[in-house]
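Colleague: All residue numbers for the sequence shown refer to this note's numbering, where the first residue is 622 and numbers rise by one. A virtual CB, placed ideally from N, CA and C, is assigned to each residue, including glycine. Keep in mind it's a predicted model, so treat the numbers as computed, not measured.
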Amino acid sequence: MNDPGSMRQTQRLTSDEAGLARAAEILRRGGLVAFPTETVYGLGADATDAQAVAGIYAAKERPSFNPLISHLDSFDAARTQGVFDETARRLAEAFWPGPLTLVLPVAPTCTISDLARAGLDSVGLRVPAHPLAHALLQTTGRPVAAPSANRSGRVSPTDADHVLGDLDGRIDAVLDGGSSQVGVESTIVACLSDTPRLLRPGGVPREAIEALIGMKLEAGAEGGKSPLAPGMLASHYAPRARVRLNAASVEADEAVLLFGRDAPKGADAARTALNLSKNGDLMEAAAHLFSYLRQLDASGAGTIAVSPIPETGLGEAINDRLRRAAAER
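In structure tokens form, the structure reads like this:
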């Protein structure tokens, strides 16, 4: 789907066994399903499938690739995706299932895609308390990335009608579970150092977290221009190599990131080359972006030359990420 506004038939699924089975089937084949949590409705996609995750950004018209929260059905499932220190373990055991997201180092067994993590070596995880969300996650059998089910910049939805008002024709289905109970997003806490950090206030009060762990949470942003998680600013993954955008030609010692069928002059002689999408499909390009940057960086080239990419649709988010990678540092 190149055009984020392209229309499809959005199904309204009931919260019975048949509705759950259909929703899980759509997710497993790479589709988009909005579903209720105890906070707000989330727009779900298979977090292990970068192309499916790209569909979230297209549907929401999200202007940049921010990391997404991945939802799991249990603490045990979350342990395969993130590394839990003692503080993170205590928080998970106390507040999961519930409106708490933990940002953790990526586990060696992590299957969540680079795009869902925005190329970072950390991952945001949550085990929701809503019984329908829990049943959907169990039936799907894999992590589900799910930001709020609304177009970017609009009010978060707390019932299925809100979702359809924003995303009807843009997603495959909404699983109707009535109104959300909490109505505000999850609290996000990063456990990436000795002192946990509050990234976003939400459904679990700061005071309850601090009482449990016996220390004050550090305040939100770490600095930089790109969010480490919703509610926090920090640097995204940046290649060691210099990134040169809108390249009209390529030097022999450079790596090149291509898009479409037209290649810059000299691309055939580049140290290494990868094409985000030979067919010019922006969803395919978004799905490949972070892994291809890593592969080109690993080639040892001092510079990664990047072919021009259109600014339309998901191209806006792709170019936003590439401009951040090309910025002086």
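(1) For residue 816, which residues of its own chain have a beta-carbon under 6 Å away from its beta-carbon, when the five flanking residues on both sides are left out?
(2) Would you kindly report the start and end of the unbroken alpha helix (DSSP H) that includes residue 809?
(3) Looking only at DSSP bridge pairs, what is residue 886 linked to?
(4) In this structure, does DSSP put residue 721 in helix, strand or coil?
(5) Determine the DSSP secondary structure at residue 924, reduced to helix, strand or coil.
(6) Here's the rule I'm using: 16 or more other beta-carbon atoms within 10 Å means buried, otherwise exposed. How should residue 846 be labelled?
(7) From residue 706 to residue 827, what does the alpha carbon distance come to, in whole angstroms?
(8) Please state whether DSSP places residue 933 in a helix, a strand or coil.
(9) Apply the 10 Å Cβ neighbour rule to residue 857 and answer buried if 16 or more other Cβ atoms are within range, or exposed otherwise.
(10) Helix or strand or just coil, what does DSSP make of residue 940?
(11) Give me the Cα-Cα distance between residue 644 and residue 750, rounded to the nearest whole angstrom.
(12) With distances taken Cα to Cα, identify the nearest neighbour of residue 877 among 941, 859, 920.
(13) Between the beta-carbon of residue 930 and the beta-carbon of residue 939, is there less than 8 Å?
(14) Kindly indicate which three-state DSSP category residue 948 falls into: helix, strand or coil?
(15) Is the beta carbon of residue 879 sitting closer than 8 Å to the one on residue 894?
(16) Is there contact between the region 764–780 and the region 652–672, where contact requires at least three CB pairs shorter than 8 Å?
(17) Using CA atoms only, rank isn't needed, just tell me which of 793, 935, 786, 871 is closest to residue 902.
(18) Please state whether the Cβ-Cβ distance between residue 636 and residue 789 is less than 8 Å.
(19) To the nearest angstrom, report how far apart residue 736 and residue 834 are at their CA atoms.
(20) Within the same chain, show all residues whose beta-carbon is closer than 7 Å to that of residue 742, passing over the 5 residues directly before and after it, in chain order.
(21) Does the separation of the CB atoms of residue 770 and residue 687 fall below 8 Å?
(22) Based on Cα-Cα distance, which residue from 660, 917, 730 lies nearest to residue 865?
Modeller: Answer, in terms of the structure:
(1) Along the sequence shown, one-based indexing puts residue 816 at 195. 839.
(2) Here residue 809 corresponds to residue number 188 of the sequence shown, with the count starting at 1. Counting along the chain, residue 809 falls outside any alpha helix (DSSP H), though it belongs to the beta strand (DSSP E) covering 808–811.
(3) Translated into positions along the sequence shown, residue 886 becomes position 265. 870, per the DSSP bridge assignment.
(4) Walking along the sequence shown from the start, residue 721 turns up at place 100. Three-state result, residue 721: strand.
(5) Taking the first residue of the sequence shown as position 1, residue 924 is located at position 303. Here residue 924 sits in strand by DSSP.
(6) Sequence index remark: in the sequence shown, residue 846 carries index 225 (1-based). Low confidence applies here, because residue 846 scores a pLDDT of 47, under 50, leaving its location unreliable and the question unanswered by this model.
(7) Mapped onto the sequence shown, residue 706 falls at position 85. Mapped onto the sequence shown, residue 827 falls at position 206. Spanning the two alpha carbons is a distance of roughly 19 Å.
(8) What you label residue 933 is simply residue 312 of the sequence shown in a count that begins at 1. Three-state DSSP puts residue 933 in coil, outside helix and strand.
(9) As a first step, residue 857 is located in the sequence shown; it is residue number 236 there, counting from the start. Only weak support exists for where residue 857 lies, its pLDDT of 47 falling under 50; the value from the coordinates is given anyway. Counting Cβ neighbours within 10 Å, residue 857 comes out buried, since at least 16 surround it.
(10) Counted from its first residue, the sequence shown places residue 940 at position 319. Helix at residue 940.
(11) Along the sequence shown, read from residue 1 onward, the residue named residue 644 stands at position 23. Along the sequence shown, read from residue 1 onward, the residue named residue 750 stands at position 129. Each residue's alpha carbon lies about 18 Å from the other.
(12) Along the sequence shown, one-based indexing puts residue 877 at 256. Minimum Cα distance to residue 877 is reached at 920.
(13) For this step, residue 930 is matched to residue 309 along the sequence shown. For this step, residue 939 is matched to residue 318 along the sequence shown. Cβ distance < 8 Å, so residue 930 and residue 939 count as in contact.
(14) Walking along the sequence shown from the start, residue 948 turns up at place 327. In the structure shown, residue 948 sits in coil (DSSP, three-state: anything other than H, G, I, E or B).
(15) As a working mapping, residue 879 is identified with position 258 in the sequence shown. As a working mapping, residue 894 is identified with position 273 in the sequence shown. In this structure, residue 894 lies closer than 8 Å to residue 879 by Cβ.
(16) With contact defined as three or more Cβ pairs closer than 8 Å, the region 764–780 and the region 652–672 are in contact.
(17) Here residue 902 refers to the residue found at position 281 when the sequence shown is read from its first residue. Nearest option by C-alpha distance: 935.
(18) In the sequence shown, the residue the question calls residue 636 occupies position 15. In the sequence shown, the residue the question calls residue 789 occupies position 168. Cβ atoms of residue 636 and residue 789: not closer than 8 Å.
(19) Locating residue 736 in the sequence shown gives position 115, counting from the first residue. Locating residue 834 in the sequence shown gives position 213, counting from the first residue. Answer to the nearest angstrom: the Cα atoms are 32 Å apart.
(20) By one-based count along the sequence shown, residue 742 stands at place 121. If we look at residue 742 and ignore the five residues flanking it on each side, its Cβ neighbours are 726, 727.
(21) Numbered from its first residue, the sequence shown carries residue 770 at position 149. Numbered from its first residue, the sequence shown carries residue 687 at position 66. At the C-beta level, residue 770 and residue 687 stay beyond 8 Å of one another.
(22) As a first step, residue 865 is located in the sequence shown; it is residue number 244 there, counting from the start. Taking only the C-alpha atoms, the option nearest residue 865 is 917.
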